[in-house]
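Quick note, the sequences are listed as chains V and D, same order. Position 50, counted from 1, in the first sequence is what our numbering calls 50; the numbers after and before it change by one each time, with no gaps. For our numbering, add 1000 to where a residue sits in the second sequence, where the first one is 1.
There are 2 protein chains.
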Amino acid sequence: MGAEGNQDGTVGKALDVLDMVAAAGKPVRFSDLLGTSIYPKATLYRFLQTLTHQGMLSHDPDHGTYALGVRLVRLAHAAWQQSSLAPLARPYLDDLAAITGETIHLAQMDMGQVLYVDKRNAARPVDMFSSAGKVGPAYCTGVGKAMLAWLPDDALKTVLSRQSFHRFTPHTYADPAALITELHAIRARGYAFDREEHEPGIICVAVPILTKAGRVIGAISLTSTTQRTTLAALEACADKIMETAGKIAAEAESWRFPEQHS
Amino acid sequence: MGAEGNQDGTVGKALDVLDMVAAAGKPVRFSDLLGTSIYPKATLYRFLQTLTHQGMLSHDPDHGTYALGVRLVRLAHAAWQQSSLAPLARPYLDDLAAITGETIHLAQMDMGQVLYVDKRNAARPVDMFSSAGKVGPAYCTGVGKAMLAWLPDDALKTVLSRQSFHRFTPHTYADPAALITELHAIRARGYAFDREEHEPGIICVAVPILTKAGRVIGAISLTSTTQRTTLAALEACADKIMETAGKIAAEAESWRFPEQHS
DNA sequence: CCTGGTGGTTCCATTATTTGAAACTTAGTC
DNA sequence: GACTAAGTTTCAAATAATGGAACCACCAGG
């Protein structure tokens, strides 16, 4: 990760640099970036200048480091509100959380990865961006598999090609063929399980959120630990989760497509 | 807002378009943007293409609308974590919230506006992006004034020139001169009040977060309503808030500048 | 006080990219 | 079927990005 050959004119390159800073996870010096970047010194420098000037990056002159800028936080607020399912799903997730008392995730697909856009946590209620905005693998999480299972074939192929298939636990599906079999089972069943495939001790039941037309637009999951409960017990909530997913889908449909003339 | 004459080469223009979509607050059609934009049809079109291809925008082909893309949410997660005070301030805010039981805001300055990066709410604990990422005016909020009061003169001048000085309530400082007098008082006192200057019935005490060198890096406020309490009662917490601000500043100092060799 | 080195910034002729008026293609109306 | 509005593509001219090399500032060691 870092020096992708990706292009889209100047804008694409600039965003590439932005990603690079994001990937670092901490403030980075010019020379650090120069190492991982495919761009020559002067070019990289100008990009950093521009991005900083635009508020997408912030530059600490005392330490000569660059970090992601606050303008991003502002934009993300708008993005989260206008193009994620989170705002309209909120009341339904609240209900589900109240009924089940378990941790709930709301996720969407982004670039072949699972992007968590909201969360309800029984134990620690406040979590903010620290959980919303997080990304995870698609092939070994409940929400990920739930979304993959309803993806059209061509899209699925693309997404699968981006998966790393790293074996996180003994239960991880570590190759595409096995995963595809699992996806068929999920689709037949209507919901997905995570049988400690990503983290030991963590299990979940996940349900896709589908439009009337059958397109996946997201997924919800109910998560717990093997110490607290069993898969079978979680499965008992499947109906409730699917009901919630249905309500969110309906809401999304009417929100995203408000004008349906006579 | 919308058609700024702002420039920074191609990248700046593209980000300008991004802002435009964000400003709309809802999915927009090509022609909507064309109206507010200073760019000709073909140019705007190509920017939208590029941004969409990059995942910064999402395009709904059924309705021909563009909205902010989820990639932003992902970037913001990183931005929030690596360049806002929120992650390191969290435990201290939790403490302060526990002690006082009131609503707490953590804010930073961005482009002359107040950007809220975290929040603790007594009543409704979960709030996510809906509050983090929000922006507000600087000249008539507690956190805003607290930060302005410690800004160096030249920076203050720039920021003041960007304020709208809209009179939200009868108590709003509606012109720079009056505000500057208030800022001096705040600096002398060590903390700022919001005397229903932004919203009727909402009052707060706010404290700046300052580095050892005296630079403002943010502010915290304790907010309440005139129905529940009085300014004098809130002021009683001022010491506690300043203590919290001090701890956050110390933490920030050691986090942002970790390597201090022997 | 020089000297060598590293990290960062600026120059500028060359080159590739962006630009935008106009032509074109849909999709929707009367 | 002709008319209009909305969105998409073309292409020569204009502009902006490129990156090698020179430059600057700071530091450590001699």
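Think of the CB as a built atom: it goes at the ideal place given N, C-alpha and C, for glycine as much as any other residue.
Quick one: what's got a C-beta closer than 7 Å to residue i's C-beta in the same chain, skipping five residues either side?
i, result
"residue 107/V", "114, 115, 116, 117, 143, 218 and 219"
"residue 140/V", "168, 172, 173, 197 and 198"
"residue 271/V", "No answer is possible for residue 271/V: the residues shown for chain V start at 1 and end at 262."
"residue 20/V", "2, 33, 36 and 37"
"residue 125/V", "Note that residue 125/V scores 45 on pLDDT, short of 50, meaning its location in the model is unreliable and no value can be drawn from it."
"residue 1183/D", "1145, 1148 and 1149"
"residue 1227/D", "1201"
"residue 40/V", "none"
"residue 1050/D", "1014"
"residue 1061/D", "none"
"residue 98/V", "none"
Just to confirm, is the Cβ distance from residue i to residue j under 9 Å?
i, j, result
"residue 1224/D", "residue 1234/D", "yes"
"residue 1229/D", "residue 1197/D", "no"
"residue 1193/D", "residue 1176/D", "no"
"residue 186/V", "residue 145/V", "yes"
"residue 322/V", "residue 111/V", "Not covered by the structure: residue 322/V. The range shown for chain V is 1 to 262."
"residue 52/V", "residue 35/V", "no"
"residue 1135/D", "residue 74/V", "yes"
"residue 1059/D", "residue 1221/D", "no"
"residue 18/V", "residue 57/V", "yes"
"residue 1078/D", "residue 133/V", "yes"
"residue 1231/D", "residue 1195/D", "yes"
"residue 1096/D", "residue 1241/D", "yes"
"residue 1076/D", "residue 14/V", "no"
Give me, in chain order, the residues of the same chain whose beta-carbon lies closer than 6 Å to that of residue i; leave out the 5 immediate sequence neighbours on both sides.
i, result
"residue 1152/D", "none"
"residue 1238/D", "1191 and 1205"
"residue 71/V", "55 and 56"
"residue 945/D", "There is simply no residue 945/D to check, as chain D begins at 1001 and stops at 1262 in what is shown."
"residue 1087/D", "1081"
"residue 179/V", "139 and 173"
"residue 47/V", "14 and 17"
Excluding the five sequence neighbours on either side, which residues of its own chain have a C-beta within less than 8 Å of the C-beta of residue i, listed in chain order?
i, result
"residue 1092/D", "1244, 1247, 1248 and 1251"
"residue 9/V", "none"
"residue 1214/D", "1150"
"residue 1275/D", "Shown here, chain D extends from 1001 to 1262; a query on residue 1275/D therefore has no answer."
"residue 1138/D", "1109, 1112, 1113, 1114, 1144, 1145, 1147, 1148, 1159 and 1163"
"residue 90/V", "118"
"residue 1130/D", "Unreliable positioning characterises residue 1130/D in this predicted model, as indicated by a pLDDT of 49, which lies under 50. The coordinate reading is nonetheless provided below. Answer for residue 1130/D: no residue qualifies."
"residue 951/D", "With chain D covering only 1001 through 1262, there is no way to say anything about residue 951/D."
### Query
Could you give the uninterrupted runs of the beta strand (DSSP E) lying entirely in the segment 1028-1081 of chain D, keeping only those of 3 residues or more?
1057-1060 and 1065-1068
#### Entry: Segment contact flag, the segment 82-90 of chain V with the segment 1022-1031 of chain D, C-beta cutoff 8 Å, min 3 pairs
A contact exists between the segment 82-90 of chain V and the segment 1022-1031 of chain D.
### Query
Counting only runs that start and end within the segment 1133-1201 of chain D, where is the beta strand (DSSP E) found for 3 or more residues in a row?
For secondary structure counted as the beta strand (DSSP E) over 3 or more consecutive residues, the segment 1133-1201 of chain D holds these complete runs in sequence order: 1192-1195.
#### Entry: Residue ranges of each alpha helix (DSSP H) within the segment 1194-1250 of chain D, 4 or longer
Runs of alpha helix (DSSP H) with 4 or more residues, each lying fully within the segment 1194-1250 of chain D, are found at 1231-1235, listed in chain order.
### Task
Check distances from the C-beta atoms of the segment 36-63 of chain V to those of chain D and list, in chain order, the residues that come in under 8 Å.
47, 50, 51, 53, 54, 55, 56, 58, 60, 62 and 63: these are the residues of the segment 36-63 of chain V whose beta carbon lies less than 8 Å from some beta carbon of chain D, given in chain order.
#### Entry: Sequence ranges, beta strand (DSSP E) only - wholly within the segment 1080-1120 of chain D, length at least 3
1103-1110 and 1113-1120
### Task
Could you list the residues in the segment 130-150 of chain V with a C-beta less than 8 Å from some C-beta on chain D, going in chain order?
130, 132, 133, 134 and 135
### Query
Which residues, in order along the segment 103-117 of chain V, keep a beta-carbon less than 8 Å from a beta-carbon of chain D?
108, 110, 111, 115 and 117
### Query
Using Cβ-Cβ distances below 8 Å, what residues of the segment 1070-1089 of chain D are close to chain V?
For the segment 1070-1089 of chain D, the residues whose beta carbon sits under 8 Å from a beta carbon of chain V are, in order, 1070, 1071, 1072, 1073, 1074, 1075, 1076, 1077, 1078, 1079, 1080, 1081, 1082, 1083, 1084, 1086 and 1087.
### Message
Which residues of the segment 10-22 of chain V have a Cβ closer than 8 Å to any Cβ of chain D? Give them in chain order.
### Response
Within the segment 10-22 of chain V, contact with chain D at the beta-carbon level (separation under 8 Å) is assigned to 10, 11, 12, 14, 15, 18, 19 and 22.
### chain V contacts made by the segment 1226-1255 of chain D, where a contact means CB separation under 7 Å
none
### Short-range partners of chain V found in the segment 1192-1221 of chain D, where Cβ spacing is below 7 Å
none
### Query
Quick one, which residues of the segment 1025-1036 of chain D are near chain V if we go by CB-CB under 8 Å, in chain order?
1025, 1026 and 1027
### Query
Taking Cβ-Cβ distances below 9 Å as the criterion, which residues of the segment 151-173 of chain V are in contact with chain D?
none
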